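Trainee: Below is a structure I'd like to ask you about.
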Amino acid sequence: FDEVYRSSNAFDYGVQHFSSRRSGDGYRTVVVAQRQGEAVFPVEVLTTFEGGDTVRERWPGHERRRTFVYERSQRAVSTEVDPDRVLTMDVNYTNNSRTLEPRADEAGWKWALTWMLWLQDLMLTWAFFV
Numbered sequence: 010f011d012e013v014y015r016s017s018n019a020f021d022y023g024v025q026h027f028s029s030r031r032s033g034d035g036y037r038t039v040v041v042a043q044r045q046g047e048a049v050f051p052v053e054v055l056t057t058f059e060g061g062d063t064v065r066e067r068w069p070g071h072e073r074r075r076t077f078v079y080e081r082s083q084r085a086v087s088t089e090v091d092p093d094r095v096l097t098m099d100v101n102y103t104n105n106s107r108t109l110e111p112r113a114d115e116a117g118w119k120w121a122l123t124w125m126l127w128l129q130d131l132m133l134t135w136a137f138f139v
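Laid out in structure tokens, this is it:
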């Protein structure tokens with residue numbers, strides 16, 4: 010309570026490292042979650058594996074970083090800190106997740122459509138006043 014109302018500390022959690030490599034008969038997945046701000050808040054770390062299996066870990070957030078290691082038969086495909094967006098005061102949501110495969114095409118389309126919608130709204134507003 011004091012960190013939210015009586016402090017200027019920032020809340021910022023993110024994924025520092027994410028890898029899933031072959032190890033013997035399975036895969037060894039390493040997830041390093043990091044608290045980048047000074048404020049402490051308990052968050053969850055969700056790791057998704059091929060086939061749809063997920064592991065959800067609770068992290069109190071007191072230490073600066075926390076390492077989660079999984080030995081599984083399936084490779085991990087993504088990980089996310091605070092997947093349910095419980096911590097609404099996180100100052101940077103862009104560092105909260107990582108994937109093994111790049112998703113630049115999806116991001117490009119998302120931003121292009123967002124800007125087109127913004128431009129359409131701007132033109133409609135301008136047309137209303139002219």
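Numbers given in the numbering used here equal positions in the sequence shown, counted from 1, plus 9. Virtual Cβ for every residue (Gly too), placed ideally from N, Cα, C. Bear in mind the structure is a predicted one, so any value in this text is a computation, not a measurement.
1) Roughly how many angstroms separate the alpha carbons of S28 and R73, rounded to a whole number?
2) In angstroms, rounded to a whole number, what distance separates the CA positions of F138 and L122?
3) Return the residue from the list Y102, L131, V86 that minimises the CA-CA distance to A19.
4) Does the separation of the CB atoms of T49 and V90 fall below 9 Å?
5) Examine the Cβ distances between the segment 32 to 43 and the segment 67 to 87 and report whether three or more of them are shorter than 8 Å.
6) May I ask you to report which of helix, strand or coil DSSP gives F50?
7) Look at the alpha carbon of F58 and the alpha carbon of R84, and state the distance between them as a whole number of angstroms.
8) Please state if the CB of E47 and the CB of T56 are separated by a distance shorter than 9 Å.
9) Give me, in chain order, the residues of the same chain whose beta-carbon lies closer than 7 Å to that of D21; leave out the 5 immediate sequence neighbours on both sides.
Mentor: Looking at the atomic coordinates:
1) 20 Å
2) 25 Å
3) Y102
4) The amino acid at residue 49 is misidentified as Thr; the sequence shows Val. No.
5) yes
6) coil
7) 6 Å
8) no
9) Q45, G46, D99, V100, N101
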